[in-house]
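Protein chains in written order, with the numbering used here: chain A, 6 to 747; chain B, 421 to 523.
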C-alpha cells in the first residue's frame with residue numbers, strides 16, 4: 006500500500022477523491038482517531054485486532070497484544086465489566102472504569118459482526134459536570150415546554166452547548182431533498198453567525214446520512230489528528246476490514262476533515278435527530294480553538310437530549326402546522342362571511358376581498374367565470390393564466406396545484422409572477438386560481454453548491470478545497486414557488502364549494518325575487534276599458550332568466566287610454582329593476598299630459614342620466630276610444646302592426662333611436678282605428694331567434710296577423726301569434742293588442 | 421343557418437375592430453370589453469366592422485348602443501360597419517343606431 010496523505014485516515018480502502026466521496030465506504034476505514042484505543046476480541050475475549058496506539062494506554066505494543074485476553078491486557082475490572090455488559094445485551098449507557106494503573110477511562114462496548122469491540126478512552130477533561138438527575142430534568146422540561154420547532158431548536162442548541170462546551174452549536178434541519186438549513190445556533194459571541202445558512206445535500210452524502218441514522222453521536226476531538234491504523238487492518242478471520250459503524254473512535258473521511266478545516270474547525274461533534282427512523286436533522290457542534298473532547302458522560306447526556314428533542318419535534322411540527330391551519334381557517338371564515346353577507350355577486354366580492362391573497366400566501370388571483378377573467382394582485386397576462394388553468398384542469402380533482410409551472414408547461418418559458426398555482430373549479434371556463442411568484446427566498450448557501458463539480462473538473466491540484474470559500478454564497482432558487490400546504494389546499498376546496506353553494510342560492514333568490522317584482526308591476530291581464538278591447542301576453546324566456554319587457558295600459562285623466570310596450574336590454578334583476586323605473590317614469594310623463602313622442606324623449610334623457618349603461622326600446626300610444634284616433638311613437642322598437650280587413654301591415658312610425666343613448670328626437674304618427682282594426686305591438690322576443698332570419702320571421706308574423714284575422718276573442722288571437730315562436734324562445738316576449746269594442 | 425362562435429380581431433394601424441360570429445348572452449360581455457379596450461376606454465375613434473356577425477340580438481344592440489353613447493360623450497365616434505340587408509343592418513335600422521354600409 007502506498008503511503009499517500011489522504012489514505013492514512015482510511016488504510017482499508019486507500020485514497021478517495023471528490024468524484025468518489027459519495028461512494029466512500031466510510032464505515033470501514035481500518036483506522037481510528039488517536040484519543041482512545043480500540044480492541045476487537047473474539048468469543049473468548051482474546052484480542053484479534055487492536056489499534057496501533059495500544060501502548061499509549063495499555064503499555065503493550067499491538068503485535069504483542071494479539072492473542073492475549075482482555076483481562077490480561079486491560080485488567081480484571083475492565084474484563085469483568087465487559088463480560089457483564091455482554092451478558093445483559095450491551096446497553097449503551099456510559100461506563101467509567103479504572104485501569105490497573107488507576108487511569109480513569111470511559112469504556113464503550115458494542116458488537117461488530119463476530120467481534121466484540123471495546124473502546125477505551127481516557128476520561129475527557131471537558132464537560133465533567135455531566136447531567137445530574139436534577140439538571141437533566143430541567144433540560145428535558147425546557148425542551149418539552151418549547152412551543153414551536155424553532156423554540157425547541159433554540160433550547161436544544163443552548164442545552165447542548167452548556168453540556169459540551171463547544172464554541173458553536175447549531176441545529177440543522179434537512180428538507181425533502183436533503184439540503185440543510187441552520188435553524189438555531191448558540192455560539193461564542195465573537196464568531197460570525199451561521200444561523201439561516203443553507204447547505205446543499207452533497208455536503209452530507211447518503212452513506213454518511215445512513216451512518217448518522219444508526220449511530221447518533223460522532224466526535225472528532227481533533228480535526229488535525231494523526232489517524233491510527235488497526236493492527237491488522239483486515240480481520241485475519243474474514244480478511245475484511247472491521248465494520249466501525251457504531252464505533253465512537255472511527256476515523257472519518259479525509260474529505261470531511263478538509264471540509265471542517267476549511268471552515269476553521271478544530272474539533273467537531275454531531276448528534277443525530279432521528280424521527281421515525283429518518284434523519285430529521287443534526288445538532289452540529291464546532292470548536293475553533295484547538296482539540297476539544299467532552300467526556301463520554303457529557304456526550305451521552307447531549308445524545309440523550311437529542312433523543313428527547315427527536316421525540317418532541319414531531320409533535321411541535323404538528324403544532325406548527327395546526328397553528329398555520331387554524332390561522333388559515335380563521336382567515337377563511339372571514340372571507341366566506343364577507344362574501345355571504347355582501348349583496349353583490351359572490352364572484353365580484355371574492356375577487357375584491359382583502360384577504361383572498363393572504364388566505365393562500367399568494368401574490369395574485371384570477372377568477373374566470375364563463376370565460377370572463379377578473380384578476381387581483383400580481384398575475385401574468387390573460388393568455389398565460391388561461392393556459393396554466395387549462396393545464397391544471399383535471400376531471401378527477403376539484404383542487405389542483407403545482408409549485409413549478411415551468412415543469413408543468415415548459416413551453417410557457419419563464420413566468421416570474423406565477424411559478425406556483427393553486428386552482429379550483431371543475432369546468433374549463435369557470436375557475437379560480439391563486440398564483441405565487443418564484444420563491445423569493447434567497448437561499449444563503451454555506452458554500453456554492455456547484456463548487457464541488459468545479460473543483461473536481463479543475464483537476465487534482467485543487468482536490469484539497471471542497472469548499473474554497475465559506476463566505477455566504479447566495480443563490481436565487483429559480484422557477485419554483487413555495488409549496489402549497491395541505492391546509493391551504495383544503496381551504497381552497499372549501500372556499501370553492503362555498504362559492505358554488507352561494508351562487509346557486511343567489512340565483513334561486515334572484516329568480517324568485519325578480520319574478521315577484523315582475524308580477525307586481527306587469528299585469529297578468531289587461532284591465533277593461535269602456536269602448537275598447539285590450540289584450541296582452543307576457544311570455545318569459547326559456548332560460549328562466551328575467552327579461553326587461555313590460556307592457557302597460559291605463560286611463561289618463563282626460564279619458565284617453567295610454568298604451569305602452571317596452572323592452573330593457575339585458576336580463577336579470579338589474580334589467581327588471583330598470584324596467585320598473587322606466588314604466589313608472591313613463592306613467593308619470595303620460596299622466597302629466599305629455600304626448601307619446603315627448604314622453605320617449607324624456608325617458609331617453611332619464612335613462613341617459615340615471616340608468617347609465619342601459620338601453621331600452623319602447624312604443625307608446627295614446628288612444629281616444631270615442632274616435633279611434635291614435636298618436637303613436639317608437640324608440641328603436643319593432644314596427645307595430647295594424648290588422649285591417651284580411652291583411653296586416655306595419656304602421657310605419659318614424660322611430661327615434663333606442664332609449665338611453667341621449668340623442669335623437671321622436672316624431673309621433675297619427676292613425677285612426679276603424680271598427681275592426683286591431684293595433685298590435687310586440688317586443689323583439691317574438692321575432693328574434695337564434696338561427697332564424699329576422700326579416701323572414703317579421704314577414705311571416707305580418708302575414709299570420711293578417712290571415713288569422715282577430716275574432717271575437719283577442720286573447721285567442723294573441724296565443725295564435727305566439728305560436729310563431731320556436732319551442733324555446735331565447736328572450737322574453739310581450740304582445741299587446743287593442744281595438745275598438747263593437 | 422348555424423351560428424359561428426364569437427371572434428374579434430383588432431387592426432391597430434387602421435383602428436378597426438372586426439367582429440364575427442354570434443354576439444349572444446355568453447359573448448356579450450367579451451364584445452363589451454373588446455369595444456372598451458380597443459377604443460382605450462372610449463378615448464379615441466374606433467371602427468367596428470360587424471360584417472361577419474350572424475347573430476345580433478337585442479342584448480348585442482344594447483352593448484353597441486351603450487358603447488356608442490360612451491364614445492359620443494367622450495367626443496369620439498364609434499363607426500359601425502354592416503352589410504346592407506344583413507341581420508345586423510336590420511337590427512340597427514330598427515334600433516335607429518347609425519351605421520355605415522360596407523362597400
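Backbone N, C-alpha and C fix where the C-beta goes; we use that ideal spot for every residue, glycine too.
Computed from a predicted model, the values in this text were never measured in an experiment.
Straight-line spacing of the CA atoms in residue 495/A and residue 280/A works out to 26 Å.
Contact check for residue 474/B and residue 442/B: beta-carbon distance about 6 Å, within the 8 Å limit, so the pair qualifies.
If you compare the alpha carbons of 384/A, 378/A, 440/A with that of residue 405/A, the shortest gap goes to 440/A. Listed in chain order, the non-local C-beta contacts of residue 493/B below 6 Å within the same chain number zero, local neighbours out to five positions each way being set aside. Separation of residue 545/A and residue 484/A (C-alpha to C-alpha, rounded to the nearest whole angstrom) is 53 Å. Where residue 216/A is concerned, there is no enclosing beta strand (DSSP E), although the alpha helix (DSSP H) around it starts and stops at 211–219.
Around the C-beta of residue 689/A, 16 or more other C-beta atoms lie within 10 Å, and the residue is accordingly described as buried.
At a C-beta separation below 9 Å, residue 192/A has no neighbours in chain B, since its nearest C-beta there lies roughly 59 Å away.
With contact defined as three or more Cβ pairs closer than 8 Å, the region 390–410 of chain A and the region 532–539 of chain A are not in contact. Beta bridge pairing from DSSP links residue 290/A with 174/A, 274/A. A distance below 8 Å between beta-carbons, with the five flanking residues on each side excluded, links residue 675/A to the following residues of its chain, in chain order: 634, 635, 636, 637. Counting other Cβ atoms within 10 Å of its Cβ, residue 470/B reaches 16 or more and is therefore classed as buried.
Around the Cβ of residue 15/A, a 10 Å sphere holds 16 or more other Cβ atoms; the residue is buried. In the structure shown, the three-state DSSP call for residue 38/A is coil. Counting along the chain, residue 334/A sits inside the alpha helix (DSSP H) bounded by residues 301–346. Cβ neighbours of residue 591/A within its own chain (closer than 8 Å, five residues either side excluded): 557, 569, 571, 604, 608, 623, 625. Any Cβ of chain A closer than 7 Å to the Cβ of residue 498/B would place that residue at the interface, and such an atom is absent.
Cβ contact annotation for residue 408/A (same chain, cutoff 8 Å, sequence separation greater than five): 424, 425, 441, 485, 486, 487, 488, 489, in chain order.
In the DSSP assignment, residue 591/A falls within the unbroken alpha helix (DSSP H) covering 578–597. Contact between residue 511/B and residue 481/B holds: their C-beta atoms lie close to 6 Å from each other, under 8 Å. Three or more pairs of CB atoms, one per stretch, sit closer than 8 Å, so the region 217–236 of chain A contacts the region 58–75 of chain A. For residue 451/B, the nearest beta carbon of chain A is not closer than 7 Å to its own beta carbon. A Cβ of chain B is located within less than 7 Å of the beta carbon of residue 575/A. By the beta-carbon neighbour count (other beta carbons within 10 angstroms, threshold 16), residue 513/A is exposed. Taking 7 Å as the cut-off, the Cβ atoms of residue 272/A and residue 226/A count as close. Residue 81/A and residue 42/A have their alpha carbons spaced roughly 17 Å apart. For residue 517/B against residue 645/A, the beta-carbon gap comes to about 20 Å, at or over 8 Å, which does not count as contact. Here residue 540/A really is in contact with residue 720/A; their C-beta atoms are around 5 Å apart, less than 8 Å.
DSSP assignment within the region 73–160 of chain A yields the following whole beta strand (DSSP E) runs of 3 residues or more, N-terminal first: 101–103, 109–117, 120–127. Contact check for residue 462/B and residue 491/B: beta-carbon distance about 5 Å, within the 8 Å limit, so the pair qualifies. Taking residue 220/A as the centre and dropping the five residues before and after it, the same chain places the C-beta of 250, 251 closer than 7 Å to its C-beta, in chain order.
In this structure, residue 287/A lies away from residue 144/A, with their beta-carbon atoms at least 7 Å apart.
Excluding sequence positions up to five before and after residue 660/A, its CB lies within less than 7 Å of the CB of 639, 640, 641, 642, all in the same chain and listed in chain order. For a Cβ distance threshold of 9 Å, residue set 478, 481, 514, 515 of chain B lies close to residue 622/A, ordered along the chain. Taken through DSSP and simplified to helix, strand or coil, residue 516/B comes out as coil.
Residue burial is scored here from C-beta neighbours: residue 313/A has at least 16 other C-beta atoms within 10 angstroms and is therefore classed as buried.
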